[in-house]
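S.K.: Below you will find the structure I want to go over with you.
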Amino acid sequence: MIDQTKSRLGFRSCLYMVVAGFWLVSGMMTAMAKSDPLDASLKAALQATMIRFIDNASDDEGGFRYIDRESGVLITAYPGVIHPKIIPVGDDYFLCIDMLAANGTRRLVDFLVREGREGWMVVDVIIDRRDLVKKALACMIGIYKPFTSSG
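Residue numbers for the sequence shown follow our numbering, so the first one is 927 and each next one is one higher.
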């Protein structure tokens, strides 16, 4: 029981370190290129919200379980690379992370984050359905800008 708690705390600490690193890099990049409309503290808060959601929904080994929408199979995936691009859509934001299924298959996982009465929260998770994200963006902002291969 203690080993699982230590493992869980280690995973959480690692994720928070990633967010802190992202925040520092974002701050430097923002200072270098002022064209980004999101400030570093907002980016850090959004990324931390996504990471907390993943952490709270994951098992003790860090596996994030979800039901595949086509097959109905329960799949476990593990967090990978957090995409630095955050897409504002009105008062909401799309964030993305790569996750790896146990069989090594890469999954693109998009999170819709919104500020609620008690702070930032994840309100939708879209797994491996970039086509759906594009449709949602087209409907939500009335214009469509294609995603690049970097997400």
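Beta carbons: idealized from backbone N, C-alpha and C, even for Gly.
(1) State whether the stretch 962-975 contacts the stretch 1013-1022, with contact taken as three or more CB pairs (one from each stretch) at a distance under 8 Å.
(2) Are residue 1040 and residue 1053 closer than 8 Å when you measure CB to CB?
(3) Just curious, the alpha helix (DSSP H) that residue 1067 is in, first and last residue?
(4) Between the C-alpha atoms of residue 1024 and residue 983, what's the straight-line distance to the nearest angstrom?
(5) What whole-angstrom Cβ distance do residue 1079 and residue 1002 have, given they're in contact under 8 Å?
(6) Grouping DSSP H, G and I as helix and E and B as strand, with all else coil, what is residue 997?
(7) Straight-line CA distance for residue 1061 to residue 1037?
(8) With distance defined between alpha-carbon atoms, name the residue in 1035, 987 and 964 nearest to residue 1008.
(9) Take residue 960 and list the residues in its own chain whose beta-carbon comes closer than 8 Å to its own, dropping the five residues that flank it on each side.
(10) Let's test the definition: count the other Cβ atoms within 10 Å of the Cβ of residue 1005 and tell me whether it reaches 16, buried, or not, exposed.
M.R.: In terms of the structure at hand:
(1) In short, these stretches touch, since the Cβ pair count reaches three.
(2) No, they are not a contact pair.
(3) 1056-1067 is the extent of the alpha helix (DSSP H) around residue 1067.
(4) Roughly 16 Å between the two C-alpha positions.
(5) Coverage of the chain is limited to positions 927 through 1077, which leaves residue 1079 absent and any answer about it impossible.
(6) Per DSSP, reduced to three states, the secondary structure at residue 997 is coil, with no helix or strand assignment.
(7) One C-alpha to the other measures close to 15 Å.
(8) Its Cα nearest to that of residue 1008, the residue 1035 stands out among 1035, 987 and 964.
(9) Only weak support is given to the placement of residue 960: the predicted model assigns it a pLDDT of 47, under 50, and the question is left unresolved by the model.
(10) Looking at its Cβ environment, which holds 16 or more other Cβ atoms inside 10 Å, residue 1005 is buried.
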